[in-house]
Each structure stands twice: as C-alpha cells, then as structure tokens.
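These protein sequence lines are chains A and B, in that order.
Note that the numbering used here gives residue 44 to position 44 of the first sequence, counting from 1, and the numbers run on in steps of one.
Note that the numbering used here gives residue 1082 to position 82 of the second sequence, counting from 1, and the numbers run on in steps of one.
We put the CB at the ideal spot given by N, CA and C, even for glycine.
Taking it in order: structure first as structure tokens, then the write-up.
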Amino acid sequence: MTEPAIHLHELCKTYRVPERESGMGAALKSLFHRRMQDIKAVDRLTFDLSPGEIVGFLGPNGAGKTTTLKMLSGLLHPTGGEGTVLGSIPWKRERPFLRQITLVMGQRNQLVWDIPAADSFELNRVIYRLSSTDFRHTLNELTELLDLGPLLKKPVRNLSLGERMKCEIAAALLHRPQVVFLDEPTIGLDVTMQRRIRAFIAEYNRRSGATVLLTSHYMADVAALCKRVIVIHHGRLLFDGDLSALVQQFTAHKTIVVQLEDCHADLHTYGEVINCEDGRFTLRVPKAQTAHVTERLLADLPVIDLLVEDPPIEEVIDQVFTQEAA
Amino acid sequence: MNALREILALLRLYSQQFKTTFASMVQYRISLFIWMISQILEPLVYLIVWSTVSNSSGGSVGGYTARGFAAYYLVLMLVNQFTYTWIMWEYEYRVRQGLLSFALLKPVHPIHSDISDNLSSKIITLPILMFVAAGLALIFKPTAAFNWWAGLVFIPALILAFLVRFLIEWTLALAAFWTTRVNAINQVYFILMLFLAGQIAPLTLFPNWLQIVADILPFRWMLGFPVELLLGRLSHAQALLGLAAQFAWVIISLVLIRVIWRAGVRVYSAVGA
C-alpha cells in the first residue's frame, strides 16, 4: 500500500459572512451590530488520491470545489478536519511543499501582463531555483507539447485567451510539480483548444507521473481524462468512484434507440418516446425493465436495428444534482 | 554555506526582477514620463513658494535663504525619488484581484519581489531625475554648507531612509487584508508625511513641539533627515542620533511586518483567497 498523494479526512471550511438585509435602516443597524452567518463551504470531506491518479472533481457552482482546491494548495485554512498533500500539511505553506505543487486557476492569471511569457518564465525559474539545464529541458518539452514556440516572445496582453491559458499552464508546470490542481483550466476556450489542453494534461500525467485533481464544467474534459470522479454538492461528498459507476448509480433509465420499417408505429406502450424521426425511435425506459422491453420490441415489431445506451454524461450529472436538491 | 546559497538565490531573483521591471516600464514610456513630471512639480512648487516668502521677509525664513530653499528642495526631490514606494495602492489591487494567491503559492516571501521591483524602478528613474535636478540647479542656484563628512554619512542615511519608508509602507499596505477602504488610511498617511517628513516645509520652520513629534514618529527619518544631513545643517551628534533612530525604525518595522504579515495571511486564508 503506497502512501496517498492527497489525503483528506473530514475536511471542513465554514465561512463567517455578515448577514444584512437591504435598505437604509438595516445598513445603519449593521454599523453597530453585525449579524454573522455561517456558510458551510466544505462539509466533512474525506477522500484519498494515489500518486499518479487523474481525478475529476465535479459539482455545480458553489459546491465547494475551489475552496477545497485552495485548502489543498495552502491558500485557505480549513475550519476542521485534516488533510495532507505529499505528506505535508498544505496550509503551513512550507517551502519544500510549495515547490512540489501547483494550482492553475482558469479565471486568473499569474503571468505579467506587459511582458512576454518567456520573461515571466525566467522569473519563475529563479523563484523555484531551477538549474538552467532543468529549466531548458522542461521548457523545451512544454513548448513542444503545447506548441508555445510563436507565443513566448509576444507580450501576454497580445495573446488570445487560449494562447494565454497555454502559457499559464506552462508557467505553472516549469518546476515539475508532483501534484497539480487544475481549477477550470479550459473555461471559456473553444472546442479545439479544450481538446488540445486535455490531450496535454493526459500526456503530462503520463510522462511525469504527477497526481492531478481537476475541476471542469465540461464533461468532455472529465470523460476524456478521468477514470475516477469525485462529486460534491453543498460541500458534501456525493459520489467517489469510477465514472461508469456514477452513471450506473445515478441513472434510473436507459435509452433504447430502435429503427423500424414502419414510420408510424405507436411505441408509447413500451416506454417514454423522447424522439421519433423517419422510423428511428428513441425510448426512455426504467433500467430494470430494459431487458424485458427490448425482448418485447424484437418480438412484436419489424426491427431493423436496436441500440441500448446510457444517457449522456451531462444528463447524469444534472440528475445527480437535482436528485440531491429534491 | 546554506546562508550563502540563500543570498545567492535572492540575488538571482533580484537581478531577474530588475529585467522584468525594466521591460514593463519601457512599455509605458508616456505614463512614466507624466509620473516623473509630477515627482518634479511638487517640490518645485514648494521651492518657488518658499523662495518668494523668504525674499519678501528680508532674505531668510527660519535660517533658509531663497537659495537655501533651492538646495533643500532639489535634494528632497532626489531623496524622495529614492525612497518613494507605491506599494500601498498595489496591495489593495492585489488583494482585490486575488493576485496575492499566486504570490502565496510561490516558495519565496513576496516582500522580495517588491523590494527588487522598487529598487529596479529607482535605478531606471534616478538618473533622469538627477539630470533634471542639475538643470534646475542652474536656474535656482542652490547653496548649502556641504562638507565631506556629511556627504559620507548621507549614504547610509539614504539607504536606511529607503528601508524605513519601504518597510513602514509595506506594513501599512497590509491593511488591505482587513479592509477594502485602504484609500482612507493612505490619505491620513500622506498628510502626516507631508507635514512631518519635511515635504511642505523644512522641519526647523515648525514650532518646537511639532519638531519633537516629528523626531518620535518615523516620517522624518524617511525623508527630511537625509536631506538636512547632506545640506550640512546637522551637527555630528544630531547625525549619529538620526542614524540610530533610523536603525531603530528598521528593527521596529521588521518586527511589525513579521507579526502583521502572519496575521494578515491568516485573515486572508480564513475569509477566502
């Protein structure tokens, strides 16, 4: 049993925020007496990540994903529970720990706006105390993988969003961190660039063996990169396991697509008809009845083709969160 | 051996930061130019006002002739440039934009990039300002009782003045951790600086009790003291006492920074970075 790269046990973060009603009177009152409200951003979160794993960290906005990542990278102090990353307590922010991790925030930039990315990279080189050889080597590798060549000499403010993100990611990886936290690394990027970044993350993980914890709103990112997902909602753990098991656990339905010769058949006795086009019917049936319905369809109707599918992953995730809310 | 390695690593950081600062500064030549004009105009206005006052009240005010004021304000312009920082605005912006998170992720104390950034910008702007001061000297013909001893002590006094001012302002800048209304604090600070550091007038023109207040507070040691020293207006005892006061303020502010920085980071990491 190897030691986990990331370990959380009952980790909690509660924010105290001033509570105030709107209006002049309430504003005046709050001058003298502030009512505070506790918001549980992260509520007794427990999970482990093995070295080298890529795990998708999912949840709707405000679920506590970013708060968790910030605690694990040492920016936030938890209000309860324990956590270690590579054996260190992150919020002590010890230098050997900081040298081994990185946090990429898709919505924020660390690169100096007015100068070329190459200059910011040099600054990171001296901050992380990298030898010239190591630095050159890593930079060449990142340049090749991310196709940075033409971007490095341009002032960052002249780069497009996607180009800037590639440089941000490179800047965050120059010191070859063993643990990589990625918070929405593909946000706002077009599909091609998303795919590019995704392929890079997979390749980086393969080459470096780094542990990656990734949040994303794009299920395609998660489906392509992560075998395992952790789902949280209202700061609580909802699911931790294989992506395919998530689908199993949270979908009560399967989709059956049947191609018939007869375009006008009425299939509503078999299941809920979601779509019908030129004799191609899409049915939604309870999971337990899938086999039975399929059997009946094949027996009763002139079926040309039949396909049983799980619903798309977005739909599953959406269902997970609405179920929880209900 | 370890300490030596630390120092070398910091030196590399400082020299790299110099390149970055230089590259950023030349991107904004126009705003740099406008900013330098304001740095020149302010002491120039005081210089003209006080020269006029001095001429109309029989040639001297509080021991300063018109040309004495010229010397005072031209040296003040240079010392001010050398010790000036903009860190208090910078911090408010950093905290508001969440930029501090990146600084906290780095395995080095963020004060180092700030010190080197400040020093770098001075290396770039000082020569220009010295050139301007030399030009103004031709017009206003300053005189001072300059002596070599004062010139020699001036150098450590200037460096200490920079350190005191930088460390105090860096500490004050940390107020941004607690409040978003940093501007109010900055305003109070600049008023105090204006009167108690010798900006609006040399401190010897003030009533005695105010001079005592100025001696106790740090402001004089950030600006007025090195100016008076270079102009030969201080006795040896006053000069040495001044250096001691500066040194004490460096120690005090270092302790303050340590305490307040830790508390500030604790607040930052409690309410959301």
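Exercise. Taking residue 122 (chain A) as the query, report the chain B residues whose CB atoms sit under 9 Å from its CB, ordered along the chain.
Key: 1016, 1019, 1020
Quiz item: Whole-angstrom Cβ separation of residue 191 (chain A) and residue 201 (chain A), contact assumed at under 8 Å?
Solution: Rounded, the Cβ-Cβ distance is 16 Å, inconsistent with contact.
Quiz item: Whose C-beta lies closer than 7 Å to the C-beta of residue 1219 (chain B) among residues of the same chain, with five residues either side of it excluded?
Solution: 1192, 1193, 1196, 1197
Quiz item: In this structure, what does DSSP give as the bridge partners for residue 241 (chain A)?
Solution: A:229
Quiz item: At which residues does the alpha helix (DSSP H) containing residue 37 (chain A) begin and terminate?
Solution: It is not in any alpha helix (DSSP H) - residue 37 (chain A) instead sits in the beta strand (DSSP E) that spans 35 to 49.
Self-check item: Alpha carbon of residue 254 (chain A) to alpha carbon of residue 320 (chain A), nearest angstrom
Solution: Straight-line measurement puts the Cα of residue 320 (chain A) at about 15 Å from the Cα of residue 254 (chain A).
Quiz item: Within the chosen definition, does the segment 95 to 110 of chain A reach the segment 1091 to 1111 of chain B through at least 3 CB pairs nearer than 8 Å?
Solution: yes
Exercise. Kindly confirm or deny that the segment 237 to 244 of chain A and the segment 70 to 90 of chain A touch, where touching means at least three C-beta pairs closer than 8 Å.
Key: no
Quiz item: Between residue 1120 (chain B) and residue 33 (chain A), what straight-line distance do the alpha-carbon atoms span, to the nearest angstrom?
Solution: 47 Å
Quiz item: What residues of chain A sit near residue 1108 (chain B), judged by a beta carbon separation below 7 Å?
Solution: 127
Exercise. Measure how close the beta-carbons of residue 41 (chain A) and residue 235 (chain A) come, nearest whole angstrom, since I'm counting them as under 8 Å.
Key: 5 Å
Exercise. Could you tell me which residues DSSP puts in a beta bridge with residue 122 (chain A)?
Key: Answer is none; residue 122 (chain A) lacks a bridge partner.
Exercise. Please check if any C-beta of chain B sits within less than 8 Å of the C-beta of residue 132 (chain A).
Key: no
Quiz prompt | Local Cβ density within 10 Å of residue 1092 (chain B), reported as buried at 16 or more and exposed below that | solution = It is buried - the Cβ of residue 1092 (chain B) has at least 16 other Cβ atoms within 10 Å.
Practice problem: With 7 Å as the limit, tell me which residues of the segment 214 to 234 of chain A have their beta carbon closer than that to any beta carbon of chain B; keep them in chain order. | Solution: none
Exercise. Taking only heavy atoms of the ligand ADP into account, decide whether any of them is closer than 7 Å to the Cβ of residue 1228 (chain B).
Key: With respect to the ligand ADP, the structure offers nothing, as it holds no ligand at all.
Exercise. Helix, strand or coil for residue 292 (chain A), going by three-state DSSP, please let me know.
Key: When DSSP states are grouped into helix, strand and coil, residue 292 (chain A) belongs to the helix group.
Practice problem: Answer yes or no: does any C-beta atom of chain A fall closer than 8 Å to that of residue 1098 (chain B)? | Solution: yes
Quiz item: Which of the three DSSP states, helix, strand or coil, is assigned to residue 344 (chain A)?
Solution: No statement about residue 344 (chain A) is possible, as the shown extent of chain A runs from 1 to 326 and does not include it.
Exercise. Could you confirm whether any beta carbon from chain B is found closer than 8 Å to the beta carbon of residue 85 (chain A)?
Key: Output row for residue 85 (chain A): interface = no.
Practice problem: Output, in chain order, the set of chain A residues within a Cβ distance shorter than 9 Å of residue 1190 (chain B). | Solution: Chain-ordered listing is empty here: chain A has no CB closer than 9 Å to the CB of residue 1190 (chain B), the nearest sitting near 27 Å.
Self-check item: Beta carbon of residue 1179 (chain B) nearer than 8 Å to that of residue 1256 (chain B)
Solution: No. Outside cutoff.
Quiz item: In chain order, what residues of the same chain lie with their CB nearer than 6 Å to the CB of residue 1116 (chain B), ignoring the 5 residues before and after it?
Solution: 1014, 1017
Quiz item: Hey, is residue 1027 (chain B)'s beta-carbon within less than 8 Å of any beta-carbon in chain A?
Solution: yes
Quiz item: Using a beta-carbon distance cut-off of less than 8 Å, what residues from the segment 1208 to 1233 of chain B approach chain A?
Solution: Per Cβ criterion, the list is empty.
Quiz item: Would you call the segment 129 to 138 of chain A and the segment 166 to 177 of chain A in contact, with 3 or more CB pairs under 8 Å?
Solution: yes
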